[in-house]
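Residue numbers (this note's numbering), protein chains in the order written: chain A, 1 to 570; chain B, 571 to 836.
For reference, the structure is listed below as structure tokens.
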Amino acid sequence: MSEYIIRNGHVFDPVQGIKGDKKDICIKDGKIVDKVGSSAKVIDAKDKTVMAGAVEIHAHVAGPKVNLGRIYRPEDKLFSCTPTKGMERMGGGASIPTTFKTGYEYAKMGFAVAMEAAMPPLFSRHVHEEIRDTPIIDEGAFPVFGNNWFVLEYLKNHEIENTAAYCAWLLNVTKGYALKVVNPGGTEAWGWGLNCLTVNDPVPYFDITPAEIIKGLIEANEYLGLPHSMHIHPNNLGNPGCYETTLDTMKLAEGIKAKNKFGREQVLHLTHTQFHSYGGTNWGDFESKAKEVTDYVNKNKNITIDTGNVTLDETTTMTADGPFEHHLTGLNHLKWANVDVELETAAGVVPYIYSPSISVCAIQWAIGLEIALMMKDPMRCYITTDHPNAGPFTRYPRVYKWLMSEKARKQQIESFKHKDKVLSQTAIGTLDREISLYELAQMTRAGPAKSLGLAAMCGGLKPGMDADVAIYNINPDKPVANPDDIEKAFSRCAAFFKSGVQVVNNGEIVSNGNKRTLWVNVKAKENPQVARDINEKFVKYYSMTQANYEALGHHFVPNPYAIEVDATQV
Amino acid sequence: METVTITMKNAPALYLEADTISPDAFAGKSAAQIAELPVFEGNVPSTLGKYFEVSGNAGATAADTKIVVKGDAKKVKYIGFKMTAGEVVIEGPADQYVGAWMKGGKLTAKGDVGAFAATAMKGGELVIEGNAGNYLGAAYRGDWRGMSGGKILVKGNAGSDTGMYMLGGEITINGNCDVHIMTHAEGGKVTIKGNAASKLGGQMVEGTIIVFGNIDVMMPGFKPNGEVELEVDGTKAKFAHFIGDMGERHKKKKGVVVYGNLYKKI
């Protein structure tokens with residue numbers, strides 16, 4: 001493999017505490033090294049910013065609901081198609097891009113890793129086929145557990161060992177990465193026409209509460225010592241006053257310590273926090289509770305969050321929170337698709353327009369930014385748009401712009417039709433913090449990598465780590481003249497190396513790299529009861545056999561990268 | 571106003587996607603520059619000059635530019651695409667998407683046009699002297715935002731799905747129409763001087779349909795609401811009034827529920 005030396009760039013690396021110093025970065029055999037030979041190819045990064053490849057902790061980029069969005073929104077591809085060009089295949093789609101465009105767009109912004117945030121286990125094969133067809137970036141997928149019949153039945157009696165054994169089995173057969181929980185109990189309750197809007201609402205038939213599911217899955221996660229923590233989309237998403245449910249959810253993690261060998265410190269990751277930080281009782285008195293939520297997270301070190309920033313675009317919402325999507329189509333009257341996944345979960349899809357002239361949308365925009373600006377430790381708060389729910393991931397550079405420039409925020413606030421309402425219902429107007437390049441590297445690289453248990457592999461530029469290096473056209477020595485320059489620089493890397501291969505040059509794709517599928521291979525103790533239960537569920541309830549369930553072999557996961565976990569000794 | 575005449579000299583073997591035939595794309599260009607404008611034949615990139623003889627230079631702006639399309643353009647799509655001003659005259663037939671996403675100016679098609687003419691039209695005037703295809707003034711596939719402004723006159727007949735998801739503007743059809751008129755519409759007006767087939771106003775929330783001739787089958791979701799006298803294009807006549815689609819949600823304006831209106835000449 002080629003050797004490279006990236007000279008004279010301003011390096012921002014939270015892993016080594018480098019804050020913009022001029023430093024050479026050496027790459028050899030796909031890894032960062034201390035030095036390279038004289039034949040190494042020199043890349044001049046003078047007056048440029050150098051960071052590790054970015055890590056996406058939560059996006060919906062592969063699988064049946066993403067594809068359902070593509071199928072039922074042909075208009076999303078209107079005027080957004082790009083023809084074949086050089087290394088690039090044709091692509092299209094604005095909020096739900098094709099797999100190829102997804103890989104290219106992430107790479108052009110300097111992303112090395114992206115996590116698909118909700119994999120229905122039954123359709124893991126589909127998820128992996130799309131991951132396989134998404135070039136360049138490493139991807140993993142989080143199977144959903146919060147409405148799974150096995151989990152509900154075991155946790156009803158607080159059987160942590162059985163839950164853990166089942167989770168380990170499911171991660172292995174679906175080639176999954178982490179335990180994802182979406183509206184715990186609520187999606188299952190919807191099968192009875194109900195929902196769980198607090199952590200204490202009982203789930204019909206199963207006679208269990210969301211609180212028991214959440215706490216049980218945190219315990220199972222730590223019992224196994226998985227690289228990532230339980231990753232939760234709590235109950236009551238998107239409703240005025242939902243922040244109380246969010247606080248109740250986080251309180252369930254109190255007193256639980258992380259147990260793993262990956263350096264992860266949190267036991268609960270709260271995702272798209274923006275959607276869970278609403279106060280008020282209706283859409284008229286709707287207000288921000290970002291302060292209450294971030295105050296709690298700031299105090300409790302065993303929690304990490306991501307933001308879920310609204311980008312003020314037309315987009316496509318999609319979630320395993322089936323009842324929420326049904327509620328949303330009732331609000332905006334746009335087309336609605338819904339799928340039930342037997343025994344496991346459900347999903348819904350509805351297009352949504354975050355209009356700057358609607359006060360609720362403008363307030364949502366402010367809340368997402370408030371969360372990032374109010375979080376004291378950037379290593380525990382990561383920037384996402386919950387792609388494509390609050391906006392497409394291609395808008396990250398714009399979110400960075402708003403976070404890094406008070407001027408850009410002021411300009412946006414000035415342009416809102418209901419500017420006064422935004423200022424009265426949120427604290428966005430009082431926040432003068434501007435995220436620094438170092439903090440940005442924490443929020444988009446080192447932080448999410450640590451939360452995912454990948455700190456030894458990516459998110460930094462320490463010798464020995466994967467050589468994911470992004471070079472941006474930003475000179476930190478010079479003040480930014482126009483906030484739009486920030487957006488422009490982060491939209492297209494000057495150069496990007498993924499695992500030591502240059503994949504982007506001057507914003508253009510120059511290689512399809514060497515994409516991998518990250519998954520967690522858990523060796524768990526033999527558990528005959530769980531094995532028997534799995535067998536019985538397939539015989540009695542599933543519409544497919546166990547032999548057709550597993551995502552295995554070259555077709556589904558051609559380039560696996562397994563993270564080994566040994567839970568046989570616990 | 572400057573006139574650019576483009577004459578078909580070398581008909582394409584496959585369909586030509588010529589979204590550059592519009593006063594906006596031509597504005598400020600010489601005949602030679604216009605001949606260099608990009609088009610697709612099938613999936614192969616090409617130039618306008620390969621198929622058309624271009625004569626005359628364009629005006630400085632779209633408003634100062636008139637385009638005359640001569641010869642057989644029945645395999646040419648997207649003529650007048652997104653035009654905002656100026657004039658286009660198509661002397662013969664044309665294929666799909668004539669005047670699609672058009673915002674202003676005047677487009678006259680003297681022959682027949684294919685489907686999806688005036689897709690999501692926002693403004694301007696479209697006159698089709700021949701027949702229109704299906705989905706006239708409709709929304710793009712999957713979209714819920716159809717024609718929202720401007721005027722369309724069809725002197726011949728129109729196909730099916732006219733005004734699907736229509737939000738505003740007016741369509742007048744002098745001849746007959748096929749099935750599905752103003753499906754899902756939330757505004758706008760379609761006048762049919764000839765006969766209509768069936769499924770008029772299915773899932774219509776708001777808007778107006780006026781039919782002078784016969785309707786083969788009425789939608790069960792429409793309810794008789796008496797008779798009214800209307801003046802349409804200078805013709806005064808008595809019409810039977812129906813409201814619907816009763817199966818859809820309907821907004822209230824000033825406390826009164828707003829329905830879609832269907833008038834049939836008695």
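Idealized CB from N, CA, C, for every residue including glycine.
Every value quoted in this text rests on a predicted model; they were computed, and no experiment measured them.
For D713 of chain B, at least one C-beta of chain A is nearer than 7 Å to its own C-beta.
Assignment of I136 of chain A by DSSP, reduced to helix, strand and coil, places it in the coil class. At a cut-off of 7 Å between beta carbons, Y648 of chain B makes no contact with chain A. Secondary structure of P14 of chain A (DSSP, three-state): coil.
Around the C-beta of I353 of chain A, fewer than 16 other C-beta atoms lie within 10 Å, and the residue is accordingly described as exposed. C-alpha of E344 of chain A to C-alpha of G817 of chain B: approximately 34 Å in a straight line. Relative to the Cα of K401 of chain A, the nearest Cα in the group A:I474, A:M375, A:D468 and A:G30 belongs to A:I474.
The C-beta of R73 of chain A comes closer than 7 Å to at least one C-beta of chain B. Looking at A:A489, A:Y205, A:A456 and A:G9, the one whose alpha-carbon comes closest to that of N147 of chain A is A:Y205.
Beta-bridge pairing by DSSP links Q502 of chain A to A:F497. Looking at A:G93, A:K23 and A:H58, the one whose alpha-carbon comes closest to that of M443 of chain A is A:H58.
Contact between the segment 189–203 of chain A and the segment 124–137 of chain A is absent, with fewer than three C-beta pairs closer than 8 Å. Where G758 of chain B is concerned, the enclosing beta strand (DSSP E) starts and stops at E756 to I762. About 15 Å separates the beta carbons of K180 of chain A and A114 of chain A, which is beyond the 8 Å limit, so they are not a contact pair. According to the DSSP assignment, K769 of chain B belongs to no beta strand (DSSP E), since it is labelled neither H nor E. Among the CB atoms of chain A, one or more fall inside 7 Å of the CB of Y710 of chain B. Residue state for H811 of chain B is assigned as strand, using DSSP reduced to three classes. Residue contact check for L78 of chain A against chain B: a CB pair falls below 7 Å. Against chain B, a Cβ distance below 9 Å from L334 of chain A picks out W714. Under the three-state reduction of DSSP, K647 of chain B is assigned to strand. Comparing C-alpha distances from M51 of chain A to each of A:L171, A:H228 and A:K19 shows the shortest one belongs to A:K19.
V624 of chain B places its beta carbon 7 Å or farther from that of I649 of chain B. Under a 10 Å Cβ-count criterion, F79 of chain A is classified as exposed, with fewer than 16 other Cβ atoms of the shown protein chains found around its own Cβ. Fewer than three beta-carbon pairs drawn from the segment 316–330 of chain A and the segment 281–290 of chain A are found closer than 8 Å, and the two stretches are therefore not classed as touching. Taking 8 Å as the upper bound for CB-CB distance, A632 of chain B and P593 of chain B are in contact here, some 4 Å apart. Contact between G348 of chain A and N338 of chain A holds: their C-beta atoms lie close to 4 Å from each other, under 8 Å. K299 of chain A has its alpha-carbon roughly 36 Å from the corresponding atom of I96 of chain A.
Proximity to H276 of chain A across A:K259, A:D306, A:Y438 and A:I563 peaks at A:D306, based on C-alpha coordinates. The beta carbon of Y296 of chain A sits closer than 7 Å to those of L247 and M250, all from its chain and outside the five residues before and after it, given in chain order.
In the assembly as shown, K450 of chain A is a buried residue. Its beta-carbon has 16 or more other beta-carbons within 10 Å. Residues Y278, G279, G280 and T281 of the same chain have their beta carbon placed closer than 7 Å to that of G241 of chain A, with the five preceding and five following residues left out of the count. Following the DSSP letters along the chain, one finds H272 of chain A in no alpha helix (DSSP H), marked with neither H nor E. Assigned with DSSP and collapsed to three states, L78 of chain A falls in coil, not helix or strand.
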